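Residue numbers (the numbering used here), protein chains in the order written: chain A, 99 to 287; chain B, 364 to 644. A virtual CB, placed ideally from N, CA and C, is assigned to each residue, including glycine. Predicted model only: the values in this text are computed from it and were never measured.
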Amino acid sequence: MSLPAAIAIGCSAGGVDALKTVIGGLDPRLQQTILVCCHSSSDTVDLLCEVLRRVSAIPVIEATERHSVRSGVVQLAPTGYHLLVESDQHFALSIDPRVNYARPSIDVLFSSAAEVWQATLIGVVLTGGNADGAAGLKRIRQLGGVAIVQSPAEAEVGTMPQAALDIAGADYCVSLSDIAPLLNRLCLA
Amino acid sequence: MDAPELENIEVDLFVQALQRRHGYDFSQYAPASLKRRVQLLTEQLECKTISGLIERVMHEQQLLPRLLEGLTVPASDMFRDPTMFRALRETALPMLASYPQINIWQAGCAHGQEVYSLAILLEEAGLYERSQIFATDLSERALQQAQEGIYPAREAQQWSRNYQASGGNRSLADYYSARYNLIKLDQRLRRHVTFARHNLVADGVFCEAHLILCRNVLIYFSNPLQSRVLSLFSESLVRGGFLCLGLRESLDYAPSSHDFAVFDEAQRIYRLTNPPERQHP
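Structure, rendered in structure tokens:
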């Protein structure tokens, strides 16, 4: 299998700590595009970017509409907008209605990323209190991508990873601390 | 051929059908969101495939308003991005107050939440009696809803918080009546609003404006169309007129944005500094 080109990560309740563990554990040599959709009640993702920057060896930025996706950079969906990737690998935003009560929605990001990267996309579903991400992860697998789900039993909130397992299944279902090493292994192989 | 590729062909055919059958051109819309909206319409109209939807586009004339609504109308809130409304209230409106008559174009007004927000802002600034708001949208159905000003009551709490955060010192409830699970905006707020159909893709200058709000509309457009619409705005605005975009909109790929100077970067408020040669009298 060819090396993955992109990683898309989704999380909700408990997601900030989980993201710190995953993003903080990524190898700085990674050349993949890394996209993050985290449900949040704050007005912007500025604070989340800042928190992740402190632990990350990889640059962390908010995704900007119309700009090219960047490799070797963590790019976060802005609060209040769905984040999509166009087939020419530019970002697009939308304020269409919430999906699974969420905007940004993980399903929206995963589905559009799945079409762009197909078999070279890795989808990751972490802790969360609803079912967002499950349909998107299913789409990723349908198009040949790899699915990683945090083990629901040890997730801070197990609903989201459990829904992902029920609806999409997973290629890897592992504990939080094992996700970054797994991503490093898959992406540097 | 894989499923996404098939669907991309269907979306292209849908866009062609809509253009040739009804004269509406969506070919310059940003593809990813357009595809989602077409997929959603396909589901909502209970068609098995996008091709099934195309058949209805071709043969059911009365479906057009529903299609246009589904393809264009986003979700919005009253006083969405309160910081932007606060900036309007505190810095832009006092400057606009020097004009004897203030024309405002709300381009892409959708269900009207921002129209009423703006009317409230003008009312509280004491400017509403000499203001005229032109609220336009492509969708007839969106315009009808905007005129009615009826929204789900569950929104009221968040909208009240937004209103307060925008610097409002009354209660948003002063401006609506609640019944059952709905709220209806005070229809007096509409007294200086003209609702009209206008298609940013195809139509020209709409009025001479001192302020244009077009927030989170251009995010659905490709770079060339975004630039074209910005040119339309610079042709419509008076010199020094204000343009408000959505807080996450980027002008980095729009050559025509050079007509504008940044007035408030964070709130995406711009002023027309280089008016183009006027094509119209």
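Chain A contact residues for Glu612(B), given Cβ-Cβ distances below 7 Å: Locating residue 612(B) in the second sequence gives position 249, where the first residue counts as 1. Glu163, listed in chain order.
Chain B within 8 Å of Leu219(A), Cβ atoms only: What you label residue 219(A) is simply residue 121 of the first sequence in a count that begins at 1. Answer no: the Cβ-Cβ gap between Leu219(A) and chain B never drops below 8 Å.
Those residues which DSSP pairs with Leu606(B) across a bridge: Residue mapping note: residue 606(B) aligns to position 243 of the second sequence, counting from 1. Ile575(B) and Tyr633(B).
Proximity test, Cβ basis, 8 Å: Tyr199(A) and chain B: The count along the first sequence starts at 1 and reaches residue 199(A) at position 101. Not one chain B Cβ lies under 8 Å of Tyr199(A).
Chain-ordered neighbours of Ser594(B) on chain A, where CB pairs are closer than 9 Å: Numbered from 1 along the second sequence, position 231 holds the residue referred to as residue 594(B). Simply none; closest approach about 17 Å.
The segment 202-222 of chain A in contact with the segment 234-244 of chain A per 3-pair CB rule at 8 Å: yes
Residue-chain proximity (Asp537(B), chain A), Cβ-Cβ < 8 Å: As a working note, residue 537(B) is residue 174 in the second sequence. No, no contact with chain A.
Reference Gly603(B); option with closest CA among Arg634(B), Asp615(B), Asp627(B) and Gln520(B): As a position in the second sequence, residue 603(B) is number 240, starting the count at 1. Of Arg634(B), Asp615(B), Asp627(B) and Gln520(B), the residue nearest in Cα terms is Arg634(B).
Cβ-Cβ distance between Arg560(B) and Asp500(B) below 8 Å: In the second sequence, the residue the question calls residue 560(B) occupies position 197. In the second sequence, the residue the question calls residue 500(B) occupies position 137. Against a cut-off of 8 Å, the Cβ pair of Asp500(B) and Arg560(B) comes out as a contact.
Given 8 Å, three or more beta-carbon pairs between the segment 460-471 of chain B and the segment 537-550 of chain B: no
Proximal residues, the segment 366-395 of chain B versus chain A, C-beta separation under 7 Å: Pro367, Ala393, Pro394 and Ala395
Of the listed residues Pro367(B), Asn637(B), Gln589(B) and Ile496(B), nearest to Asp615(B) (C-alpha basis): Residue mapping note: residue 615(B) aligns to position 252 of the second sequence, counting from 1. Of the candidates Pro367(B), Asn637(B), Gln589(B) and Ile496(B), the one whose C-alpha sits nearest the C-alpha of Asp615(B) is Gln589(B).
CB contact below 8 Å: Ala438(B) versus chain A: Indexing the second sequence from 1 puts residue 438(B) at position 75. Output row for Ala438(B): interface = yes.
Buried versus exposed, by CB contacts within 10 Å (16 or more), Ser396(B): Stepping through the second sequence from its first residue, residue 396(B) is reached at position 33. Burial call: buried.
Gly108(A) - DSSP class collapsed to helix/strand/coil: One-based indexing of the first sequence puts residue 108(A) at position 10. Gly108(A) falls in the strand class under three-state DSSP.
Which of helix, strand or coil DSSP assigns to Ser502(B): One-based indexing of the second sequence puts residue 502(B) at position 139. Correct three-state label for Ser502(B): coil.
Continuous alpha helix (DSSP H) assignments of at least 4 residues falling wholly in the segment 198-229 of chain A: 204-215
Same chain, Cβ closer than 7 Å to Ile277(A), five either side skipped, listed in chain order: Sequence index remark: in the first sequence, residue 277(A) carries index 179 (1-based). Counting only Cβ-Cβ distances below 7 Å, and skipping sequence neighbours, we find Val120, Val222, Ile246 and Gln248.
Within the segment 152-183 of chain A, ranges of the beta strand (DSSP E) (whole runs, at least 3 residues): Those beta strand (DSSP E) runs which fall completely within the segment 152-183 of chain A and span 3+ residues are 158-160, 171-174 and 180-183.
Contact between the segment 257-266 of chain A and the segment 365-375 of chain B (3+ Cβ pairs under 8 Å): no
Closest residue to Val143(A) among Val114(A), Trp215(A), Ala104(A) and Asp186(A) (Cα-Cα distance): For the purposes of this step, residue 143(A) is taken as the residue at position 45 of the first sequence. Comparing alpha carbon positions, the residue from Val114(A), Trp215(A), Ala104(A) and Asp186(A) closest to Val143(A) is Val114(A).
Interfacial residues, the segment 398-410 of chain B to chain A, with Cβ spacing under 9 Å: Lys398, Arg399, Arg400 and Leu403
Minimum Cβ-Cβ distance from Ile632(B) to chain A less than 8 Å: Position 269 of the second sequence, counting from 1, holds the residue named residue 632(B). Closer than 8 Å: no.
Residues bridged to Ala366(B) (per DSSP): Within the second sequence, the letter at position 3 stands for residue 366(B). Partner residues in a beta bridge of Ala366(B), as assigned by DSSP, do not exist.
Selected residue, minimal CA-CA separation from Val214(A), among Ala116(A), Leu280(A), Leu145(A) and Val167(A): Position 116 of the first sequence, counted from the start, is the residue given in the question as residue 214(A). That would be Val167(A), whose Cα lies nearest to the Cα of Val214(A).
Alpha-carbon to alpha-carbon, Gly531(B) and Glu571(B): Residue mapping note: residue 571(B) aligns to position 208 of the second sequence, counting from 1. Residue mapping note: residue 531(B) aligns to position 168 of the second sequence, counting from 1. Cα to Cα, Glu571(B) sits roughly 28 Å from Gly531(B).
Reduced DSSP category for Pro644(B) - H, G, I as helix; E, B as strand; rest coil: Here residue 644(B) corresponds to residue number 281 of the second sequence, with the count starting at 1. Confidence in Pro644(B) is poor, its pLDDT being 44 and thus under 50, which makes the residue's placement unreliable; the coordinate value appears in the next sentence. Looking at Pro644(B) - three-state DSSP - the assignment turns out to be coil, as it is neither helix nor strand.
Extent of the continuous alpha helix (DSSP H) to which Tyr479(B) belongs: Here the question's residue 479(B) lines up with position 116 in the second sequence. Looking at the DSSP string, the run of the alpha helix (DSSP H) that includes Tyr479(B) is Gln476 to Glu487.
Opening and closing residue of the alpha helix (DSSP H) in which Ala251(A) lies: For this step, residue 251(A) is matched to residue 153 along the first sequence. That residue, Ala251(A), is in no alpha helix (DSSP H); it is neither H nor E in DSSP.
Min CB distance Tyr491(B) to chain A below 8 Å: Taking the first residue of the second sequence as 1, we reach residue 491(B) at position 128. Judged by the 8 Å Cβ criterion, Tyr491(B) is not in contact with chain A.
Where the alpha helix (DSSP H) containing Cys271(A) begins and where it ends: Locating residue 271(A) in the first sequence gives position 173, counting from the first residue. For Cys271(A), no alpha helix (DSSP H) run applies; the uninterrupted beta strand (DSSP E) run containing it begins and ends at Tyr270 to Val272, by DSSP.
Environment of Ser110(A) [buried if 16+ CB atoms lie within 10 Å]: Position 12 of the first sequence, counted from the first residue, corresponds to residue 110(A). Under this definition Ser110(A) is a buried residue.
Residue from Leu600(B), Arg631(B), Ala629(B) and Arg611(B) with nearest C-alpha to Asn637(B): Numbered from its first residue, the second sequence carries residue 637(B) at position 274. Cα-wise, what sits closest to Asn637(B) is Leu600(B).
Sequence-distant residues of its chain with Cβ nearer than 7 Å to Tyr270(A) (five each side left out): As a position in the first sequence, residue 270(A) is number 172, starting the count at 1. Around Tyr270(A): Ile246 and Leu280.
Proximity test, Cβ basis, 8 Å: Pro644(B) and chain A: Along the second sequence, read from residue 1 onward, the residue named residue 644(B) stands at position 281. Since pLDDT at Pro644(B) reaches only 44, below the 50 mark, its modelled position is unreliable, and the value read off the structure follows with that caveat. Judged by the 8 Å Cβ criterion, Pro644(B) is not in contact with chain A.
Environment of Tyr199(A) [buried if 16+ CB atoms lie within 10 Å]: For the purposes of this step, residue 199(A) is taken as the residue at position 101 of the first sequence. Only exposed fits Tyr199(A), as fewer than 16 other CB atoms lie within 10 angstroms of its CB.
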